[in-house]
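*Asks:* Going by my numbering, 136 is the number at position 34 of the sequence shown; the sequence numbering is gapless. Got a structure here, written out as structure tokens. Questions coming.
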Amino acid sequence: MSALAWEAPVSVIVSSGKQKAVKGPAEAVGCLEREWPIADGVFLREAKKVCSAALEHECTASEARDAFEMASLEALLARR
């Protein structure tokens, strides 16, 4: 796996209720699979796919960050 990093981390609230700064696609995949506050969602599934693709150099780290940000917004709205 690659050590891709984003220019700026994405701050999310994980299932434990704690804030976490996610710094790249590899960390994002782990967070989405083990710490995500919702079990399913359109943007969650897309973020898993795109972040994994970034690790295989099939898309850019920026695209992965955008997908992860959308999943974080989806999770935030679902928790309200």
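Quick reminder that beta carbons are idealized off the backbone N, C-alpha and C, glycines included. The structure presented is a predicted model; accordingly, all values stated were derived computationally and were not measured.
From which residue to which residue does the alpha helix (DSSP H) around Lys151 run?
*Replies:* Against the sequence shown, residue 151 aligns to sequence position 49. Looking at the DSSP string, the run of the alpha helix (DSSP H) that includes Lys151 is Val144 to Leu157.
*Asks:* Specify, as a first and last residue, the run of the beta strand (DSSP E) that Val116 falls within.
*Replies:* Here the question's residue 116 lines up with position 14 in the sequence shown. It is not in any beta strand (DSSP E) - Val116 carries neither H nor E in the DSSP assignment.
*Asks:* Could you give the first and the last residue of the continuous alpha helix (DSSP H) run that contains Ala123?
*Replies:* The sequence position of residue 123 within the sequence shown is 21, counting from 1. Segment Gln121 to Val124 is the beta strand (DSSP E) holding Ala123; no alpha helix (DSSP H) there.
*Asks:* With respect to the alpha helix (DSSP H) encompassing Arg182, which residues constitute its N-terminal and C-terminal limits?
*Replies:* Translated into positions along the sequence shown, residue 182 becomes position 80. Taken as a continuous stretch (DSSP letters only), Arg182 belongs to no alpha helix (DSSP H), as it is neither H nor E.
*Asks:* Tell me whether Cys161 sits in a helix, a strand or coil according to DSSP, three-state version.
*Replies:* Your numbering for residue 161 matches position 59 in the sequence shown. In this structure, Cys161 counts as coil in the three-state DSSP scheme.
*Asks:* Measuring only the C-alpha atoms, how far is Met157 from Leu106?
*Replies:* Taking the sequence shown and counting its residues from 1, the one referred to as residue 157 is at position 55. Taking the sequence shown and counting its residues from 1, the one referred to as residue 106 is at position 4. The sequence given here has Leu at residue 157, not Met. Cα to Cα, Leu157 sits roughly 7 Å from Leu106.
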